[in-house]
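Everything on this sheet refers to the single structure shown next.
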Amino acid sequence: TPTKVPRTEIFPTVPISEYGRTKLEAEKSLRAAHADWGFRLAILRPCAIVGKYMTHGITKDLVDKLHTDNPLLEVLGTKEKQACKQFVHIADVYDAIKFTIENRHKIPGRFTANIFPKDGPITVEEVAREVMYSIEIEKPIAFTQPTWKGDDLYMELRGYFQGRFSSKEAIFWAARGYNSWKYGESI
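For the sequence shown, this note's numbering gives the first residue as 3, with consecutive numbering after it.
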């Protein structure tokens, strides 16, 4: 059963994938350098980032799948067991980085902050429906097992930087932008 506790900046980090382990190791190296040399350190931890120029991720994959001849939109998981997570638009990540840089002299020597949307997590099925709505292509959803190995089944961040967009809004605008960029289709 997934833990349904929002994770703040002080929540223990327990990576479940190689990707997560390498991010944690990078943070440890930066903290050690901060301790040794005393420079200011800001660690920003965004949830899943989406935007127009995506090179990977669920939103890009679903838009690409909707442009195939497959009559079904295949998504990872099952109806009963699917990932539920937050998505933040790249514009909100940019705002958090800009704020951090502009206020660097007001920030304590070491600062860690999550970047998350204005709402809670959404399911893979909700992501798929939002992508279809955004680019105006509908297909029946077919769940395939299993979920991606590196996914928490439930992930919710809380903390310092709350974005302007909800997860669904971030998915909507990312899918619409990527679709226009990759397929030249404006809606």
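By construction, the Cβ of each residue, glycine as well, lies at the ideal position given by its N, Cα and C atoms. The model shown is predicted, which means the values in this text are computed figures rather than measured ones.
From residue 164 to residue 131, what does the alpha carbon distance come to, in whole angstroms?
Rounded to the nearest angstrom, the two C-alpha atoms are 24 angstroms apart.
Assuming residue 223 and residue 78 are in contact, meaning their beta carbons sit under 8 angstroms apart, how far apart are those beta carbons, in whole angstroms?
Any answer about residue 223 is impossible in this case: the structure gives the chain only from 3 up to 189.
From the DSSP output, in three-state form, read off residue 167 for me.
Coil, per DSSP.
What is the rounded straight-line gap between the Cα of residue 114 and the Cα of residue 71?
Each residue's alpha carbon lies about 45 angstroms from the other.
When burial is assigned at 16 or more other CB atoms within 10 Å of the CB, is residue 100 buried or exposed?
Label assigned to residue 100: exposed.
So, does the stretch 133 to 150 touch the stretch 103 to 110, judging by three or more C-beta pairs under 8 angstroms?
In short, these stretches do not touch, since the Cβ pair count stays below three.
With DSSP run on the structure shown, which of helix, strand or coil describes residue 42?
Residue 42 falls in the coil class under three-state DSSP.
Have a look at residue 144 and residue 64 and give me their C-alpha separation to the nearest angstrom.
Cα to Cα, residue 144 sits roughly 12 angstroms from residue 64.
Note the first and the last residue of the continuous alpha helix (DSSP H) segment covering residue 13.
No alpha helix (DSSP H) holds residue 13; DSSP gives it neither H nor E.
Please specify which runs of the alpha helix (DSSP H), each continuous and at least 4 residues long, are wholly inside the stretch 105 to 152, giving them in chain order.
Correct list: 126 to 137.
Whole angstroms is fine: what's the gap from residue 116's alpha carbon to residue 178's?
Straight-line Cα distance between these residues: approximately 26 angstroms.
Would you report the Cα separation of residue 51 and residue 12, rounded to the nearest angstrom?
The straight-line gap from Cα to Cα measures roughly 21 angstroms.
Could you check whether residue 53 and residue 92 sit closer than 8 angstroms to each other, using their CB atoms as the reference points?
Result yes, Cβ atoms of residue 92 and residue 53 sit closer than 8 angstroms.
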